[in-house]
Ligand code: GLN
C-alpha cells in the first residue's frame, strides 16, 4: 500500500480496520524522509529511534482495545517554534539552538490526548520572521516542486514536508501569512484560525497579538479534523476564546447556493501575476456556477495593512525577544568580562540579520517621542481595518483573494531586498490584523509547474463558512498533481 500518499483520514481508516499498524506507517514515512529530506531540508530535528518507539507504544495502546481517534497513530510534523517537552525547540535560531522546553504546548497536549505520532521539528524562518525560509540558521528549505525555488515562509518546513509526502499533515504558525503563503507556494492546504480559537500556550512568541497556530494538510477534510483537534479554550492563554468547538468536519460538501462572496479590490493588487489572477477568476466562475453570489467590494483601509503590520509586529517582537539575554535561555557568549558585554555579544552572535532588523525597527517605533507617531497611530489604523472587515461581513459570508501575489520565487531572488520580500504577504497580513480566520488551498498550477493558491477569508469564529467554500473549491479543482521528487 502506498501509505505516504494517503491523507490522514485515509490512514485512520486503515488503522481502524487493522490493515496497517502504526509501525508500518512510521517505517514508510521514515524511509521517505531519509530519501528526500537531504534535498528539501524540511526538518531541524528528526530522530528515527524515538519515532519508531513512539509508533510501537501507540500500536500497544491500540492492541489493548483503546479508542482510536482521528489522529491516533497519524504522523504530524511540528514547526520548531512550538514547545515539545524533551525535544529541542530552536525557532531556527542560534540563540535557542540547544533549548529544550520543560513543558508541552497546549496543541501538543491535545494531540497527545489522541495518541498522535510526532515526526519531528520542522524548519522555519528564524523566530518566524520571513516569507521564504531563507532566514533559518539551519539552512534554507527547498520547494519540492522545484528545488531551486523557495517553499515560502515562515513555515517553510511544515509546508514542504506535507508537499513532499514526508508527512500527511503538520502544524505551523501564522503571524502575517506564515501558514497560508507557504501552503500556496507548496500546493497544500493551510489554515489560520480566528485569533484565540487555538491556544498559544507554548508557542514561542513573535508578535503576540497576531500569532496563531494552525494546520497544514493535503485536503480540506484533514484540515477540518486537525483544526477541531487543536481548537478550544485554554486557561493558560488569556487571549483564548471560551466557546464550544464546532464539529468542523460536518461543514464539508455543503450546498453553497446563495452564499455571498466578496472580492476586495484592494487585494487584487497590481503586483499580482497574470496566471495567479486567472486561477482565482476561474475559482470565482465555478462558485457562481454552484449558486454563490460573487461581487467586487472595497475595503479602503487595506491599503495601509502592510505598513501597519511592519510597525506592530516588530514592536511586539522587540519586546518579546528581550528575554533572550544569555542569562535565562539558550546560547551565551562566554568570553565577555562584564554583564553588559555578555548581553551585547550574546545577542549579536545569537540573532540573525532579519531578527536584528525587526528588533531595531520595533525598538525605534516604541521609543519615547516616536511611540505616538508610529505605534499608537498604527493601532488606530488597525481599528479602521477591523471595521472595514466588520462592515464587509455584515453583507458577505466570505471574502476571496489570491493567497500570494506570485508563485514561488527563486532562492536568493529577494533575500537582499527586504521590502520586496515583505510584499509577498500583502494579501495575508490584513487577516491577522483583524484576527479573522482564512485558508489557502490549491487553485491551479502555473505554466512553469509551480502551484497557485486561493485564499478564503471568514468573519470572526466563522471557520464553518470558510470550510464550506473551500470544500466546494476543492471538489472542483480536483487537485491530483504531485511534485516529482
Ligand atoms: N512574512 C511575514 C513576516 O516576515 C509573516 C511571518 C509570519 O506570519 N510569521 O513577518
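In the numbering used here, the protein residues as written are 275 to 759.
Positions of the beta carbon are idealized from the N, C-alpha and C atoms, including for glycine.
Please read these numbers as outputs of a predicted model, since none were measured by experiment.
Would you mind working out which of the options sits nearest residue i, comparing C-alpha positions?
i, options, result
"residue 424", "280, 316 and 617", "316"
"residue 739", "475, 520, 630 and 304", "520"
"residue 359", "653, 548, 378 and 370", "378"
"residue 454", "743, 750, 727 and 418", "727"
"residue 301", "660, 541, 538 and 325", "325"
"residue 392", "304, 549, 460 and 471", "304"
"residue 292", "322, 320 and 346", "346"
"residue 449", "707, 748 and 745", "707"
"residue 332", "355, 702, 312 and 386", "386"
"residue 631", "585, 646 and 602", "585"
"residue 399", "628, 677, 541 and 467", "628"
"residue 321", "290, 575 and 362", "362"
"residue 526", "568, 566, 704 and 498", "498"
"residue 459", "745, 685 and 590", "685"
"residue 368", "746, 401, 380 and 457", "401"
"residue 330", "545, 607, 587 and 299", "299"
"residue 487", "318, 496, 495 and 475", "475"
"residue 502", "471, 528, 508 and 515", "471"
"residue 440", "278, 723 and 635", "278"
"residue 491", "560, 543, 281 and 635", "281"
"residue 465", "504, 751 and 608", "504"
"residue 663", "575, 758, 352 and 510", "575"
"residue 598", "495, 478, 435 and 756", "478"
"residue 283", "729, 495 and 353", "495"
"residue 290", "276, 334 and 342", "342"
"residue 614", "625, 600 and 626", "600"
"residue 693", "516, 580, 414 and 308", "580"
"residue 294", "275, 426 and 616", "275"
"residue 577", "309, 705 and 733", "705"
For residue i, list the residues DSSP reports as bridge partners.
i, result
"residue 443", "350"
"residue 391", "349"
"residue 712", "466 and 731"
"residue 362", "374"
"residue 420", "417"
"residue 771", "This structure leaves residue 771 out entirely; the chain is present only between 275 and 759."
"residue 684", "423"
"residue 396", "317 and 353"
"residue 505", "472"
Specify, as a first and last residue, the run of the alpha helix (DSSP H) that residue i falls within.
i, result
"residue 431", "430 to 437"
"residue 224", "Residue 224 falls outside the range modelled here, since the chain spans only 275 to 759, and no answer is possible."
"residue 640", "627 to 640"
"residue 663", "651 to 667"
"residue 623", "613 to 624"
"residue 282", "282 to 290"
Roughly how many whole angstroms lie between the Cα atoms of residue i and residue j?
i, j, result
"residue 674", "residue 442", "26 Å"
"residue 651", "residue 605", "36 Å"
"residue 716", "residue 611", "55 Å"
"residue 719", "residue 405", "20 Å"
"residue 480", "residue 328", "31 Å"
"residue 467", "residue 417", "25 Å"
"residue 678", "residue 658", "23 Å"
"residue 801", "residue 644", "Missing from the structure shown is residue 801; the chain here goes from 275 to 759 and no further."
"residue 721", "residue 683", "14 Å"
"residue 746", "residue 699", "25 Å"
"residue 285", "residue 348", "7 Å"
"residue 541", "residue 590", "25 Å"
"residue 428", "residue 452", "5 Å"
"residue 571", "residue 555", "15 Å"
"residue 296", "residue 473", "28 Å"
"residue 603", "residue 373", "7 Å"
"residue 530", "residue 681", "28 Å"
"residue 553", "residue 493", "18 Å"
"residue 484", "residue 338", "42 Å"
"residue 523", "residue 288", "19 Å"
"residue 569", "residue 463", "25 Å"
"residue 438", "residue 641", "45 Å"
"residue 565", "residue 546", "27 Å"
Any beta carbon from chain D within less than 9 Å of residue i's own beta carbon?
i, result
"residue 623", "Given the protein chain composition of this structure (a single chain), no chain D is represented."
Identify the continuous beta strand (DSSP E) that holds residue i and give its terminal residues.
i, result
"residue 698", "Counting along the chain, residue 698 falls outside any beta strand (DSSP E), and DSSP gives it neither H nor E."
"residue 402", "From DSSP, residue 402 is part of no beta strand (DSSP E); its letter is neither H nor E."
"residue 411", "Premise fails: residue 411 is in no beta strand (DSSP E) and is neither H nor E."
"residue 751", "Unbroken run through residue 751 is the alpha helix (DSSP H), 737 to 751; no beta strand (DSSP E)."
"residue 672", "672 to 676"
Should residue i be counted as a contact of the ligand MN given a C-beta to heavy atom distance under 8 Å?
i, result
"residue 706", "As for the ligand MN, it is missing from this structure, which binds only the ligand GLN."
Could you name each continuous alpha helix (DSSP H) segment of 4 residues or more that falls completely within the stretch 446 to 500, going from the start of the chain to the end? 454 to 460
Whole runs of the beta strand (DSSP E) within the stretch 518 to 575, excluding any shorter than 3 residues: 534 to 538 and 567 to 571
Which complete alpha helix (DSSP H) runs does the stretch 300 to 350 hold, if anything under 4 residues is left out? 322 to 337
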